[in-house]
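Following: one structure in structure tokens, then a few remarks.
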Amino acid sequence: MSFPILSLMLAIPAVAAAACLFLAPSAARMTALAATLADLALGVVLWLSFDVGGAQWQFVEYAPLFGRFGWALGIDGFALLLIMLSVFLMPICIGASWQAIEKRVPEYMAAFLFTEVLMIGTFAAQDLFLFYIFFEAGLIPMFLIIGIWGGANRIYASYKFFLYTLLGSLLMFIAMLYMSITAGTTSIPVLLNYDFPPHVQTWLWLAFFASFAVKMPMWPVHTWLPDAHVQAPTAGSVILAGVLLKLGGYGFLRFSLPMFPEASATLTWLVFGLSAVAVIYTSLVALVQSDMKKLIAYSSVAHMAIVTIGLFAFNAQGIEGAMMVMLGHGLVSGALFLCVGVIYDRLHTREISRYGGLAINMPRYALFFLLFTMASIGLPGTSNFVGELLSLMGTYQVSTTITLLCTTGIILGAAYMLYLYRRVVFGEIKSDEVRGMSDLSVRELWLLAPIAAAVMWMGVYPESFLAPMRKDTQILLARIDRARPVGDSQPTKGTGIVPAAHAETHAQGSAH
Amino acid sequence: MDYAANLAMTLPELVLALGAIALMLVAAWGGPGSTKAVSWAAVAVLAGACIALAGPASSGTSAFYGMYRADAFATFAKVLIYIAAAVAVVMAPDFFKRTAGDDLRPEYPVLILLSACGMGIMVSAADMLTLYVGLELQSLAAYVLASFMRQDSRSAEAGLKYFVLGALASGILLYGISLVYGFTGSTLFDEIAGAYAAAPLSGSGKALGLLFGLVFVFAGLAFKMSAVPFHMWTPDVYEGAPTPVTAFFASAPKVAAMALGVRVAVEAMGPADTQWRQIVIFAALASILLGAVAAIGQQNIKRLLAYSSINNVGFALIGLAAGTPAGVASVMTYMAIYIAMTLGSFLVVLQMRDADGQPLETIASLAGLSRNRPGLAAALAMFMFSLAGIPPLFGFYAKFAVFYAAVEAGLFPLAVVGIAMSVIGAYYYLRVVKTMYFDEPAAAFGPGDRLEGGLIAVAAVMISPLGYLAIPLLSGWALGAANSLF
Numbered sequence: 002m003s004f005p006i007l008s009l010m011l012a013i014p015a016v017a018a019a020a021c022l023f024l025a026p027s028a029a030r031m032t033a034l035a036a037t038l039a040d041l042a043l044g045v046v047l048w049l050s051f052d053v054g055g056a057q058w059q060f061v062e063y064a065p066l067f068g069r070f071g072w073a074l075g076i077d078g079f080a081l082l083l084i085m086l087s088v089f090l091m092p093i094c095i096g097a098s099w100q101a102i103e104k105r106v107p108e109y110m111a112a113f114l115f116t117e118v119l120m121i122g123t124f125a126a127q128d129l130f131l132f133y134i135f136f137e138a139g140l141i142p143m144f145l146i147i148g149i150w151g152g153a154n155r156i157y158a159s160y161k162f163f164l165y166t167l168l169g170s171l172l173m174f175i176a177m178l179y180m181s182i183t184a185g186t187t188s189i190p191v192l193l194n195y196d197f198p199p200h201v202q203t204w205l206w207l208a209f210f211a212s213f214a215v216k217m218p219m220w221p222v223h224t225w226l227p228d229a230h231v232q233a234p235t236a237g238s239v240i241l242a243g244v245l246l247k248l249g250g251y252g253f254l255r256f257s258l259p260m261f262p263e264a265s266a267t268l269t270w271l272v273f274g275l276s277a278v279a280v281i282y283t284s285l286v287a288l289v290q291s292d293m294k295k296l297i298a299y300s301s302v303a304h305m306a307i308v309t310i311g312l313f314a315f316n317a318q319g320i321e322g323a324m325m326v327m328l329g330h331g332l333v334s335g336a337l338f339l340c341v342g343v344i345y346d347r348l349h350t351r352e353i354s355r356y357g358g359l360a361i362n363m364p365r366y367a368l369f370f371l372l373f374t375m376a377s378i379g380l381p382g383t384s385n386f387v388g389e390l391l392s393l394m395g396t397y398q399v400s401t402t403i404t405l406l407c408t409t410g411i412i413l414g415a416a417y418m419l420y421l422y423r424r425v426v427f428g429e430i431k432s433d434e435v436r437g438m439s440d441l442s443v444r445e446l447w448l449l450a451p452i453a454a455a456v457m458w459m460g461v462y463p464e465s466f467l468a469p470m471r472k473d474t475q476i477l478l479a480r481i482d483r484a485r486p487v488g489d490s491q492p493t494k495g496t497g498i499v500p501a502a503h504a505e506t507h508a509q510g511s512a513h
Numbered sequence: 002m003d004y005a006a007n008l009a010m011t012l013p014e015l016v017l018a019l020g021a022i023a024l025m026l027v028a029a030w031g032g033p034g035s036t037k038a039v040s041w042a043a044v045a046v047l048a049g050a051c052i053a054l055a056g057p058a059s060s061g062t063s064a065f066y067g068m069y070r071a072d073a074f075a076t077f078a079k080v081l082i083y084i085a086a087a088v089a090v091v092m093a094p095d096f097f098k099r100t101a102g103d104d105l106r107p108e109y110p111v112l113i114l115l116s117a118c119g120m121g122i123m124v125s126a127a128d129m130l131t132l133y134v135g136l137e138l139q140s141l142a143a144y145v146l147a148s149f150m151r152q153d154s155r156s157a158e159a160g161l162k163y164f165v166l167g168a169l170a171s172g173i174l175l176y177g178i179s180l181v182y183g184f185t186g187s188t189l190f191d192e193i194a195g196a197y198a199a200a201p202l203s204g205s206g207k208a209l210g211l212l213f214g215l216v217f218v219f220a221g222l223a224f225k226m227s228a229v230p231f232h233m234w235t236p237d238v239y240e241g242a243p244t245p246v247t248a249f250f251a252s253a254p255k256v257a258a259m260a261l262g263v264r265v266a267v268e269a270m271g272p273a274d275t276q277w278r279q280i281v282i283f284a285a286l287a288s289i290l291l292g293a294v295a296a297i298g299q300q301n302i303k304r305l306l307a308y309s310s311i312n313n314v315g316f317a318l319i320g321l322a323a324g325t326p327a328g329v330a331s332v333m334t335y336m337a338i339y340i341a342m343t344l345g346s347f348l349v350v351l352q353m354r355d356a357d358g359q360p361l362e363t364i365a366s367l368a369g370l371s372r373n374r375p376g377l378a379a380a381l382a383m384f385m386f387s388l389a390g391i392p393p394l395f396g397f398y399a400k401f402a403v404f405y406a407a408v409e410a411g412l413f414p415l416a417v418v419g420i421a422m423s424v425i426g427a428y429y430y431l432r433v434v435k436t437m438y439f440d441e442p443a444a445a446f447g448p449g450d451r452l453e454g455g456l457i458a459v460a461a462v463m464i465s466p467l468g469y470l471a472i473p474l475l476s477g478w479a480l481g482a483a484n485s486l487f
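Going line by line, the protein sequences match chains Y and V. The numbering of the first sequence is this note's numbering, which starts it at 2 and goes up by one. The numbering of the second sequence is this note's numbering, which starts it at 2 and goes up by one.
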């Protein structure tokens, strides 16, 4: 075992969280920022020393501490990228709360640092129950963040968030107990290659689905998300949209697909159906929102549906595309919530109708907001374009109808995002309050600029992000290939020859 | 086997009984002034009993012609009981100092010792009569403790209610015992088990008689565990009894009753497991559901914790329903963790006093506690999340253990329904957290006692994620205890 860098990445925010509780507000802010930046630095070290194309599991740590389960950590390409997303967004969240949070600062910082521990732990856990503990424990700090520092209706939102997600996860917990007893191990890498009988797989898959579909969130169990987003403080929304929603997608990728390939194949219709409804329904709902945060929350549900169809396309484009959408959406939706937070801090309202003409007095803000709006729509050159294109191309090989339905989401996405942008940024300045709003401060610039850079990077040179997960995608495909559903987009019906090779090269070409 | 060896095996009970008698004499001569000395002496006696467990008392053999078991299972339960009893003694003086007209008298620690002695006999019982004697000794002391505040009508009501309903339950239990004795011809657990194994499962009159005996015995035990449908006394008694006594009721007798139930189920009625499993499953699910639903409307924190204890008994019973050594071990693990959570919660309740030192009991008085007393609020929040079974707190492992056993035994519907209902329970635990953290502060509490603060901190550390490091030790010990039954 080499240097336990993952444990260190967990220990730094954990210690800092405990320390924050005993510090004065200003010292707590500094401690939190220092700890998250230290974790970001460690994350960069992690990425640089990650051997692309090397062993599947790297930075492996194991200590049999807890009897029936152990302290098992280790990451593959998927986990690496999601950990990077977490540690990248975390200092930005702390920065976004620098002035917006005035009361009970030490507890706030502690809650955020605790969340960071749990997020990294969830992605790095290699033990079934260690994963569950990290996964589930995330409810506690988020409950407190929404409930203490949230908006007017925060208590309802915090309860709904907690109980909704708890119910989903508990069914998964029973499934995990069954799996560990049947397979005789709690090690995720071993379970990834354990074959459960198909009829058992269906039940286990459904139990996991209950949890991940709520986390994701998929229609119709998405209703907690708009409430939680609207009531949470800005940084809470960023972390919720940026990372916590990715836990659902990560769960599908890590558990549902490789552990239950047959069940995944037979139940693809369910995922596709719910996703198609989600894309169209939530996009239409987003179109009529008058609250900015709610609009972005609904758009998140639509984007997450693109993730789920990509994941269940059973091919490389779909899975890599889904991962890219997760990363891109994590950055873009986080940035959009920051953009909302910037003007909310000035005018203390999220009503779209109160704003207008911000391009006149806040040009720099308008520029950044435009970039993230375009990225959310999926304009070429931004992160979401790569992901959405790959994901939809992957899905096309399986189901043309679903792809058709889901592609409307991109058009509708352009509609609601541009409509939002027009109402907030263009037009005439409506009131003196709006006229008095100042442009981005240096602090806000430092929050948005790194995300903007990352969004462009992902859009222009996605290879940096595709490379670490390419081998893991192939391993996953080799595992689930036996259950691959027959697609309906084959040009020669009934011969059984899939033009896979052609599609493969085509996808690779467009990705680069 | 000679009497000396027999007595050596029952040394913990002897220490407690003789200690209690000696302290009673001290109390009689010393009067109220001796309260403090007697309290600390009682803690010393409990510690002595704990040490005495190390000898022949945990040898794994039987004493008094098979009527008393000195095995690892009894030892496990007794350690928990003694710890809970000691905490109940320690937390009392500060509470009674502030109650109007009801000072702490030295009888209090003496009664706790006698009750602990009775519980020791309960968990070691290998004969229906030993069981009954232990149960009654424990209960009689408990009835007096419940009405310890003589000037307080609620306390008197609690004592009376507990006594009347407890007597009814004893009657039911005794009736069950007599049926079992009548149809098996013995009161010894081993011989009862033999008779159950030999009897036909159904169809004959004898099978019916045995079944009736089993049902009545379990009904009586369910009363002592406060499992639904024999839980009705719990909220009233918990609310009325003085808080340290409530903490005691919620911890030690629960462990004793649960351990006793497990021993009767496995040792005496093991061959009839298909019959009692139905009862246990019903009691488990009904307790979880009722404990959760009825707690939602409560305004009094002690009543809330009463329903919480019913809820938790339901979860512990899931482990018993599995009926395997792992299941029994999970019940004992559950009780060990449960004690830390419950005693911790009641210690926090004890800190709920207004500026004049008058005890407060409404949940509303906890409002905004996180700003007045952040440490105390954090501790209670940890206990609440832990009781709800939310990781990373240690209460999660308790639920993990029982559900692991249930799934291992193939009881999937039970596990799924049980765990789904725990969401309802999470709601009211969240309500306490919400009151402390989200609401505007109410009047600040008076200053706390340093000793109690220390105990709260110890309990909080035990149920914190650090507790996971104790899993290998705890589960090994619990499994050893469970294996001594099979």
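The beta carbon of each residue, even a glycine, is placed where N, CA and C say it ideally should be.
Short Cβ contact (8 angstroms threshold) for residue i with residue j
i	j	result
V:Val329	V:Leu486	yes
Y:Leu449	Y:Phe386	no
Y:Leu258	Y:Leu312	yes
V:Ala50	V:Leu17	yes
V:Val265	V:Val216	no
V:Val263	V:Leu321	yes
V:Ala85	V:Phe249	yes
V:Val121	V:Glu14	Strictly speaking, residue 121 of chain V in this sequence is Gly, with Val absent from that position. Cβ atoms of V:Gly121 and V:Glu14: closer than 8 angstroms.
Y:Met91	Y:Thr37	yes
Y:Met418	Y:Ser377	yes
Beta-bridge pairing of residue i - partner residues as DSSP gives them
i	result
Y:Trp72	Y:Ala64
V:Tyr69	V:Ala64, V:Ala126
V:Thr489	Outside the shown range of chain V (2 to 487) lies residue 489 of chain V, about which nothing can therefore be said.
V:Leu189	V:Asp128
Y:Gln59	Y:Ile76
Y:Arg105	None, per the DSSP bridge assignment.
Y:Ser188	Y:Asp128
For residue j and residue i, believed in contact at Cβ under 8 angstroms, the rounded distance
i	j	result
V:Val408	Y:Ile182	6 angstroms
Y:Gly249	Y:Ala279	Y:Gly249 to Y:Ala279, Cβ: 12 angstroms. No contact.
V:Val349	V:Ala380	6 angstroms
Y:Leu129	Y:Met173	Not really, about 10 angstroms apart at Cβ, beyond 8 angstroms.
Residue i - containing alpha helix (DSSP H), residue span
i	result
V:Tyr109	108-125
V:Ser402	For clarity, residue 402 of chain V is Ala in the given sequence; the question names Ser instead. Run containing V:Ala402: 396-409, per the alpha helix (DSSP H) assignment.
V:Gly481	472-484
Y:Ser212	199-216
Y:Thr402	401-426
Y:His330	317-348
V:Leu222	206-226
Y:Val272	269-288
Y:Thr309	293-312
Problem - Interfacial residues, the region 412-425 of chain V to chain Y, with Cβ spacing under 8 angstroms - result: Those would be Phe413, Ala416, Val417, Ile420, Ala421, Ser423, Val424, in chain order.
Practice task
Below 7 angstroms between beta carbons is the criterion; list the residues of the region 107-118 of chain Y that meet it against any residue of chain V, in chain order.
Solution key: Cβ contacts with chain V: none found.
Problem - Interface residues of the region 135-149 of chain Y facing chain V [CB-CB below 9 angstroms] - result: Taking 9 angstroms as the Cβ-Cβ cut-off against chain V, the residues of the region 135-149 of chain Y that qualify are Phe135, Phe136, Glu137, Ala138, Leu140, Ile141, Phe144, Leu145, Gly148, Ile149.
Handout entry: Selection of the region 316-331 of chain V by Cβ proximity to chain Y, strictly under 7 angstroms
Key = Listed in sequence order: no entries.
Handout entry: Within 7 angstroms of chain Y by C-beta, residues of the region 457-480 of chain V in sequence order
Key = The residues in question are Tyr469, Leu470, Ile472, Pro473, Ser476.
Practice task
Return the residues of the region 451-466 of chain Y that lie within a Cβ-Cβ distance of less than 7 angstroms from chain V, sorted by chain order.
Solution key: The region 451-466 of chain Y vs chain V, Cβ under 7 angstroms: nothing.
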